[in-house]
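Trainee:
There are 6 protein chains.
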Amino acid sequence: MSKRIKDFIDGEEFVGFYLLKEVEAKQTNSSIPKDYLDIVMADSSGFISAKYWDASKTDIETFGPMCLVKIQGSVQIYRDKLQVKVVRIRKATEQDGVSITDFIRSAPVSSSELLPIIDQAIASITNSEIKAIVTLCYERVKDKIESSPAAKLHHHAYYGGLAYHVVRMLELGEFICRQRPFLNSDLLKAGIILHDIAKPVEMVSEYGMVLDYSNQGKLIGHISMASNWITEAALKLGVDLESNVVLALQHLVLSHHNLGEWGSPVQPQLPEAVALHYIDAIDAKLQMVEDILNITAESEEWTAVIRGLENKPVMRLKL
Amino acid sequence: MSKRIKDFIDGEEFVGFYLLKEVEAKQTNSSIPKDYLDIVMADSSGFISAKYWDASKTDIETFGPMCLVKIQGSVQIYRDKLQVKVVRIRKATEQDGVSITDFIRSAPVSSSELLPIIDQAIASITNSEIKAIVTLCYERVKDKIESSPAAKLHHHAYYGGLAYHVVRMLELGEFICRQRPFLNSDLLKAGIILHDIAKPVEMVSEYGMVLDYSNQGKLIGHISMASNWITEAALKLGVDLESNVVLALQHLVLSHHNLGEWGSPVQPQLPEAVALHYIDAIDAKLQMVEDILNITAESEEWTAVIRGLENKPVMRLKL
Amino acid sequence: MSKRIKDFIDGEEFVGFYLLKEVEAKQTNSSIPKDYLDIVMADSSGFISAKYWDASKTDIETFGPMCLVKIQGSVQIYRDKLQVKVVRIRKATEQDGVSITDFIRSAPVSSSELLPIIDQAIASITNSEIKAIVTLCYERVKDKIESSPAAKLHHHAYYGGLAYHVVRMLELGEFICRQRPFLNSDLLKAGIILHDIAKPVEMVSEYGMVLDYSNQGKLIGHISMASNWITEAALKLGVDLESNVVLALQHLVLSHHNLGEWGSPVQPQLPEAVALHYIDAIDAKLQMVEDILNITAESEEWTAVIRGLENKPVMRLKL
Amino acid sequence: MSKRIKDFIDGEEFVGFYLLKEVEAKQTNSSIPKDYLDIVMADSSGFISAKYWDASKTDIETFGPMCLVKIQGSVQIYRDKLQVKVVRIRKATEQDGVSITDFIRSAPVSSSELLPIIDQAIASITNSEIKAIVTLCYERVKDKIESSPAAKLHHHAYYGGLAYHVVRMLELGEFICRQRPFLNSDLLKAGIILHDIAKPVEMVSEYGMVLDYSNQGKLIGHISMASNWITEAALKLGVDLESNVVLALQHLVLSHHNLGEWGSPVQPQLPEAVALHYIDAIDAKLQMVEDILNITAESEEWTAVIRGLENKPVMRLKL
Amino acid sequence: MSKRIKDFIDGEEFVGFYLLKEVEAKQTNSSIPKDYLDIVMADSSGFISAKYWDASKTDIETFGPMCLVKIQGSVQIYRDKLQVKVVRIRKATEQDGVSITDFIRSAPVSSSELLPIIDQAIASITNSEIKAIVTLCYERVKDKIESSPAAKLHHHAYYGGLAYHVVRMLELGEFICRQRPFLNSDLLKAGIILHDIAKPVEMVSEYGMVLDYSNQGKLIGHISMASNWITEAALKLGVDLESNVVLALQHLVLSHHNLGEWGSPVQPQLPEAVALHYIDAIDAKLQMVEDILNITAESEEWTAVIRGLENKPVMRLKL
Amino acid sequence: MSKRIKDFIDGEEFVGFYLLKEVEAKQTNSSIPKDYLDIVMADSSGFISAKYWDASKTDIETFGPMCLVKIQGSVQIYRDKLQVKVVRIRKATEQDGVSITDFIRSAPVSSSELLPIIDQAIASITNSEIKAIVTLCYERVKDKIESSPAAKLHHHAYYGGLAYHVVRMLELGEFICRQRPFLNSDLLKAGIILHDIAKPVEMVSEYGMVLDYSNQGKLIGHISMASNWITEAALKLGVDLESNVVLALQHLVLSHHNLGEWGSPVQPQLPEAVALHYIDAIDAKLQMVEDILNITAESEEWTAVIRGLENKPVMRLKL
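Residue numbers (our numbering), protein chains in the order written: chain E, 2 to 320; chain S, 2 to 320; chain R, 2 to 320; chain U, 2 to 320; chain G, 2 to 320; chain B, 2 to 320.
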């Protein structure tokens, strides 16, 4: 069993399997420059910087991002931080019996538990037109939703992050509908499931890590994409495009970022749209806090700054 | 039993008890100007404009805001709106057996139900220092909290509004602590109870209607006032002012408006402070929607615009 | 022939046909209040305030906005401005041989000249998929485009204003495509025709005057509506929804307001999208200037302030 | 004939003449540090990074920015980008028969064609006072305008860029004056020629590359400088400083950046000032797009981000 | 001797001389409307609303703003405020021996004391070129500076207000130059005298009351006007326009509003320019406070809100 | 006597005592990396970059920030800047007779002169409650105020900087109270002394250099801390917490940053609070200018940009 990166200590020597998250070929600045690999190695517990000095041309061609490898190395402190000096490195083979999914960061609840909850929420929608439109839109990305992150950096940026975000929002939405019976729970459920439904197509991701935005993502954006998907679904289902159902679903999706400068072309003007925006906000913000605390060493009192929280860090306060 | 204002119709003649919400002496623009009273009369179901033509000097001196009166009048349409023409008016007397509290707008749950819930929440705080500080601050305003509104205009602007806001937030906070066990529920409960604790002193209100801000309210503001109350409580209780408990409680109160331009001198940097801000936001925003729908006639599809929601109205959409 | 409002002078007595733009029943503030009608009367040259004292109940029921009437009256100066005192008023009848279209403000070029130019522009699009999508979207509003204004207040707010705006933009677009051959003129033409195509459905207008926004207009907005129409058209035409043609057309429409705070969910990222936004801006801003100068008396050196131009007025400077 | 930088490929060996755009002496980080030259070499087709290892003290003193040199070198890929390893380098001599102007980036139309167009535009101004003031201001910078760029980075940042910008704006201005005859074409022409007239003095540039801002440029800025030049010209010509001609020209120049935060002390309040601002904007923005597409490799779908376009890149979309 | 308006009490009858600040002819809303005059009457102690019922056509033509009149009237309370009912009114004649200057609001120190202080400050400038330019600019407005206000509304909005503002700033500037000897006191004095020097031409004022902005004021603004005056003065004096003296004076004037959105095309970049902006700010803001306290009744604890102080009122706190 | 860093010239060899401001262990990029120390060495005249090649493990452990050392080295130009090559280095010992205070940057006036001035100002407060509260708050930090800087980076960022800032503000405040007698000088003095009184606890500093913010500093901030200290002092002194004295002192402290986005939860609403904010601003801004000019070489015409002055540099203009 490989030593977890989170548990590395200064002076340690180790052998184990890890994932290469970033790999860059660089050259030393010596008068006769030599190649080396500047690496970020990862497992599901975290990540660490590593150097592989004297890399050969073959090494440079062999090792790239998302490679699963076996590494022999030692841990040192360099400029106040732990760093790995790679002694030996080779690609993992089938015989090694390791799988990439063991090395990636995932949502705290597995997709196999999350997806049935979403299915169930859809099944519980009583308005048949809403249910049908949600179903059709959801099916477009069903195969991707198992792995999709909810964002590139800010929150839920890992395997299954989107499904986890949706499930948590469904729980919160259900609670708030009980608190405030004037809210239409069909609409709120539909809004929660549809609000980020186009994210798996807006972003190109692999194993829960966003590699880039797609052209559609850049030129149209997930908000307008989802709005178009609703149009498409209604048209296929024969639901009147001028009906209040279509109007409401489009509005929920289009307004969920609340302000124009945050990407919403219209502002929330249905009670459920107001609820949707704030449920989305509270879940995203608290997850940002939880995520950064999880990857901050227990010994640290303060996390790094969090972009989505006014660029402020969070303190781990002991009472 | 007096006819409810909400049920007035054109052409109706009535006699009943009502509250004078606004009274202004005006003069007609005729060449020999005559005095009349321009009135807003109210009951717990709503309010309506009224005119009392040919008011005498005595009338002008007799009738003022917050007077409980018996009115005989007729309802007419004037410029597309219903308006009352007052025929006779007199002050209510003890014999009439009416009480001002029957005529004011109140939270949907009565204070007698809300206050024990807050008491219970305080009792459930396990950290004794937090519990003691919350108790001391809460006792300063206990007699006022039965009636205090949570705001002047925006949300919960009625009798018992503040207590209702706090109870709803406590429910939501409890739910979120179950969702996210890394949150300290003592701190979150304390933050919810303390965040607006100085509002009854910041604002001068009567029967749930804010009349003005106090000098303290204008020059210090409820956020810094609450922070000072915590200092005072800790000092009286002998709790170390440099302790993490005091630090955390101060921070929760000071940061709960999230941004400097919204009145918070520091931004949330504890997980519970992030949670507190968003729980406050979601409860306030949804209540604004619910409140405005309640006073908008059923026949209207759109409400008036809501300042706290980007100056947008809300639509009453039928599916 | 009726005297043009623009030519009214102090002391004048007149009889003629006019359009009632606004009519409000008011009461005098005398001790026995009397009804009168507060009127804005209009013709194609401008508008003027008018009073009809001693209006009867029948008068109040008879005269409303958009009524075509015959008025006998006199012109007086009141508080530095001309005002009409109505002596007699009656509704125009069929025998009078007057038509409402003679009394409304229109674009400087008639719709019968404008629409063929737009047809021709569509016909000149060489890419058949773009042409087909533009055609389908255009046909949805073809019957309304003859009369539609381009905006409620800011610019081109009159009969045929939208068509006039589009034609002027097409001229400018053609010129700029000649200046800069790297621009795709098919895309730019399509963008110009589609950018405001949903405005006739976003806004409810009559005779070129916007009365209100539709529910779709408020909850979805003309930008996202047009994007949805493109989806619908492509689906009906069998054009691949993932194709670059659909991507480009959607992007042109979605980005044409340039910034999130101006309503665009994405910012221009195609050369033609950059061109579209600035062609739209220059045409709208210069039309605001031209429109306000047209309704400002020749004797005035300064116009009223223009909201779309940083709330500044424009000066009529003589060299 | 030297190989064009734009056509360099990996592994290529070459000998040719190039311009040194940037030269910095650095030291290797080896234990006995050695000097080398870190170079950006350029020709009119683009630029590329180059290293000259083992540079002597004489080399460091000899080679600097704007040197024209003969280089023998080889092209390699380093960190995904092409880079030159310099083998031999010497300064170009008179005998080599090369001229610096062959190696710099220029406007698409040569200054010898642009300047007569500007002269002609001035000659066509009918108002003699306007023509005289424009002529006097223009003559101050006539010798510099052949080479001046229009900006440091954003747009038209090359030899003759300012003249090219002015000529394009004159074309557009002429077209818009035909579209909208209420505009005074004398004023618009004058505004176009004068709006950036002080830029050659605001910025210190060589061969179309801005090296720095002058003290006047920093402390007064080109907008107020041009305003002062108009004062000076009017005084010399005996044109009344209080006349509408001077007022209008000053206003055109002062308001052309539209907003205070963009550097204009007053906002456009003449029709021609509104036109000037938007003609300037459309020409600058479209040139930014064209310029960045020109230096982006054909194989790239997306350009780098463009500061003047909301920090967005532009896509090269194939239909 | 006329009774001071500040000392009027309810029920009082009076006869005296006053200034008509505003006069508007209105009509009663009675069925046979009658003319009356709606007046604001003023003296140097304050102002009060007044009505003159049953005004004749002659009265309407006779009485206008800035008329000096003799009034017989009575003081009444109307809607919580004192108001005058005019019984008799006539224009003041030469024989009455009253002068308009006795009835206007003035700076606390008379212009006859202020102007010599400014003269002295100019005389004390040691650099002869600076002294000459300041002198020439100052002489342009010397005849107006006796009466000019410093602003329309915000601060020093009264007879001699500009001179008073300048003198106070000179005192403060002298003190700060003593505190910080690295500042050049010639430049600071010149900047203080020149910074608002064009205000008397930017604004059209009478007796210290701003009636409007001039066309130059609107299209150029006092900041750029002053900059042009410096150019003009230097040209007339033969001071090199490229010299550091002209550069510095222009910069001081152009940058004194600090930010683009406050009207400055460049930001302060000389030590004296930084000092000038903050000396201007502190004097203007404190004068706003002092001015509003002076016209707020002693019995009031809070003043009206002050636009230049973030729309906040100021409290008159007793210790 | 050691050579002053400000006087170092290229090629110089020197031996002397200096302070290590920053020390970082780095490794060369040679194939066999070697350790070296990257140093910033300082004295009271300035600082300079230095390298100590071939540092041993012992050296790395020995030398750290704030070490006082004896250095033998030589000065060279590297990339246009002077840099020191360290030949020998050892820690200073007691026998060397040097003190760290000789090597740090200090306010221009020594704390031994500044503190009595503050004492005197407190003594001169006539209101005994104000005096007592100020005294108690001041005594909390009296031992730290000798050395405390007023800010981390922006202004007065050196030994005794806070005391110097306060003394200068007291002088200015006294002058302004003479100019404007309506200001209460007790309140203004108290506000000046209290406004930054919590800074020594908000920031962790050593020898006038801020190393970090304390947890209290981050979670509460110096503004709210000072407000709490006033509460505490009043409670201890038996001053009524609801009194106007406490209200005014709290308000002065809370509002002194003027705007919410600058950290003030309330805006200035007492005359003395307005004065306090602008006195603070003018002193801070002018000190920023003076500080940066002092550390900019005489030969440089322009300083580096100043964050607190709109990111603009300041010019050293010679007349």
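Here a beta-carbon is modelled for each residue, glycine too, at the ideal position from N, C-alpha and C.
Might you give, ordered along the chain, the residues of its own chain that have their beta carbon closer than 6 Å to the beta carbon of A158 (chain S), omitting 5 neighbours on each side?
Mentor: Taking the second sequence and counting its residues from 1, the one referred to as residue 158 (chain S) is at position 157. So the list reads P150 and A152, once near-sequence residues are dropped.
Trainee: Please list, in chain order, the chain R residues whose beta carbon lies closer than 7 Å to that of L212 (chain E).
Mentor: Here the question's residue 212 (chain E) lines up with position 211 in the first sequence. Per Cβ cutoff of 7 Å: no residues; L212 (chain E) is ~19 Å from chain R at best.
Trainee: Is it right to say L253 (chain G) is buried, meaning 16 or more other beta carbons lie within 10 angstroms of its own, or is it exposed?
Mentor: Position 252 of the fifth sequence, counted from the start, is the residue given in the question as residue 253 (chain G). It counts as buried.
Trainee: Taking 8 Å as the CB-CB cut-off, is N216 (chain G) touching chain R?
Mentor: Reading the fifth sequence from its first residue, position 215 is the one you call residue 216 (chain G). Judged by the 8 Å Cβ criterion, N216 (chain G) is in contact with chain R.
Trainee: Check each candidate in B:D284, B:S46 and B:K319 and name the one with the smallest Cα separation from I177 (chain G).
Mentor: The residue labelled residue 177 (chain G) in the question sits at position 176 within the fifth sequence. The residue with the shortest Cα to Cα distance from I177 (chain G) is B:D284.
Trainee: Name the residue from E:Y165, E:Q268, E:S107 and E:G98 whose alpha carbon lies nearest to the alpha carbon of S3 (chain E).
Mentor: The residue given as residue 3 (chain E) occupies position 2 in the first sequence. Nearest of E:Y165, E:Q268, E:S107 and E:G98 to S3 (chain E), Cα basis: E:G98.
Trainee: Can you tell me which of R:A133, R:R179, R:S113 and R:V24 puts its alpha carbon nearest to the alpha carbon of A168 (chain R)?
Mentor: Reading the third sequence from its first residue, position 167 is the one you call residue 168 (chain R). Note on identity: in this sequence residue 168 (chain R) is Val, with Ala being the wrong assignment. Looking at the Cα atoms, R:S113 is the closest of the given residues.
Trainee: For the stretch 248-278 of chain B, which residues have a CB atom closer than 8 Å to at least one CB atom of chain G, in sequence order?
Mentor: The stretch 248-278 of chain B vs chain G, Cβ under 8 Å: L248, A249, N259, L260, Q268, P269, Q270, L271, P272, V275 and A276.
Trainee: Where in the stretch 103-183 of chain E do unbroken runs of the alpha helix (DSSP H), each at least 4 residues long, occur, reported from the N-terminal end onward?
Mentor: The qualifying runs are 112-124, 129-141, 143-146 and 162-180.
Trainee: Which class does D11 (chain G) belong to by DSSP, given the choice of helix, strand or coil?
Mentor: Working through the fifth sequence from its first residue, we reach residue 11 (chain G) at position 10. The answer is coil: DSSP assigns D11 (chain G) none of H, G, I, E or B.
Trainee: Output yes or no for whether 8 Å exceeds the beta carbon distance between I280 (chain U) and L212 (chain U).
Mentor: Position 279 of the fourth sequence holds residue 280 (chain U). Position 211 of the fourth sequence holds residue 212 (chain U). Cβ distance not < 8 Å, so I280 (chain U) and L212 (chain U) don't count as in contact.
Trainee: Just list the residues that DSSP pairs R89 (chain U) with in beta bridges.
Mentor: Against the fourth sequence, residue 89 (chain U) aligns to sequence position 88. Paired residues: U:Q73.
Trainee: Would you list the residues sitting across from M67 (chain G) in a DSSP beta bridge?
Mentor: To locate residue 67 (chain G), count along the fifth sequence from 1; it is residue 66. Answer is none; M67 (chain G) lacks a bridge partner.
Trainee: So, for A305 (chain R): in the same chain, excluding its five sequence neighbours on each side, which residues have a beta-carbon less than 8 Å away from its beta-carbon?
Mentor: The residue you call residue 305 (chain R) lines up with position 304 of the third sequence. Taken in chain order, the residues that qualify are I293, T297 and P314.
Trainee: Hey, does F18 (chain U) have any beta-carbon neighbour from chain R nearer than 8 Å?
Mentor: One-based indexing of the fourth sequence puts residue 18 (chain U) at position 17. Not one chain R Cβ lies under 8 Å of F18 (chain U).
Trainee: Would you say P314 (chain R) lies against chain U (beta-carbon separation less than 8 Å)?
Mentor: Taking the first residue of the third sequence as 1, we reach residue 314 (chain R) at position 313. Closer than 8 Å to some Cβ of chain U, the Cβ of P314 (chain R) qualifies, so yes.
Trainee: Which residue wins for smallest C-alpha separation from A93 (chain B), given the options B:N312, B:L83, B:V110 and B:I72?
Mentor: Taking the first residue of the sixth sequence as position 1, residue 93 (chain B) is located at position 92. Residue B:I72 is the option with its Cα nearest to A93 (chain B).
Trainee: Along chain B, which residues have their Cβ under 9 Å away from the Cβ of L220 (chain U)?
Mentor: Residue 220 (chain U) sits at position 219 when you count from the first residue of the fourth sequence. Residues of chain B passing the Cβ test: M316 and L318.
Trainee: Among G:L320, G:D187, G:V205 and G:A227, whose alpha-carbon lies nearest the alpha-carbon of K145 (chain G)?
Mentor: The residue labelled residue 145 (chain G) in the question sits at position 144 within the fifth sequence. Of G:L320, G:D187, G:V205 and G:A227, the residue nearest in Cα terms is G:V205.
Trainee: Output the distance between the C-alpha atoms of L320 (chain G) and L250 (chain U), rounded to the nearest integer angstrom.
Mentor: Position 319 of the fifth sequence, counting from 1, holds the residue named residue 320 (chain G). Position 249 of the fourth sequence, counting from 1, holds the residue named residue 250 (chain U). Computed Cα separation, rounded: 58 Å.
Trainee: Could you check whether E273 (chain U) and G192 (chain U) sit closer than 8 Å to each other, using their CB atoms as the reference points?
Mentor: Your numbering for residue 192 (chain U) matches position 191 in the fourth sequence. Your numbering for residue 273 (chain U) matches position 272 in the fourth sequence. Result yes, Cβ atoms of G192 (chain U) and E273 (chain U) sit closer than 8 Å.
Trainee: Whose C-beta lies closer than 6 Å to the C-beta of E147 (chain G) among residues of the same chain, with five residues either side of it excluded?
Mentor: The residue you call residue 147 (chain G) lines up with position 146 of the fifth sequence. These residues qualify, in order along the chain: S112.
Trainee: Going by C-alpha to C-alpha distance, which of B:M289, B:I198 and B:K35 sits closest to R181 (chain G)?
Mentor: On the fifth sequence, position 180 is the one that residue 181 (chain G) refers to. When only C-alpha atoms are compared, the closest one is B:M289.
Trainee: Taking the alpha-carbon positions, what's the T102 (chain U) to V16 (chain U) distance?
Mentor: If you number the fourth sequence from 1, residue 102 (chain U) lands on position 101. If you number the fourth sequence from 1, residue 16 (chain U) lands on position 15. Cα to Cα, T102 (chain U) sits roughly 19 Å from V16 (chain U).
Trainee: Suppose you measure from the CA of L163 (chain R) to the CA of L115 (chain R); what does that come to, to the nearest Å?
Mentor: On the third sequence, residue 163 (chain R) is found 162 positions in, with the first residue counted as 1. On the third sequence, residue 115 (chain R) is found 114 positions in, with the first residue counted as 1. Distance between the alpha carbons of L163 (chain R) and L115 (chain R) is about 10 Å.
Trainee: Under 8 Å between beta-carbons, which chain G residues line up against I198 (chain U)? List them in chain order, please.
Mentor: As a position in the fourth sequence, residue 198 (chain U) is number 197, starting the count at 1. Ordered by position in chain G, no residue passes the 8 Å Cβ test against I198 (chain U), which lies about 15 Å from the chain.
Trainee: For a contact defined as C-beta to C-beta under 7 Å, what are the partners of N229 (chain G) on chain U?
Mentor: Mapped onto the fifth sequence, residue 229 (chain G) falls at position 228. In chain order: S228, N229 and T232.
Trainee: Cβ of S225 (chain S) less than 8 Å from any chain B Cβ?
Mentor: Counted from its first residue, the second sequence places residue 225 (chain S) at position 224. Taking Cβ atoms only, chain B reaches closer than 8 Å to S225 (chain S), which makes this a yes.
Trainee: Report the partner residues of M210 (chain S) according to the DSSP bridge assignment.
Mentor: Numbered from 1 along the second sequence, position 209 holds the residue referred to as residue 210 (chain S). DSSP lists S:E207 as partners of M210 (chain S).
Trainee: How many angstroms separate the CA atom of Q96 (chain E) from the CA atom of S46 (chain E)?
Mentor: Counting from 1 along the first sequence, the entry for residue 96 (chain E) is found at position 95. Counting from 1 along the first sequence, the entry for residue 46 (chain E) is found at position 45. Roughly 24 Å between the two C-alpha positions.
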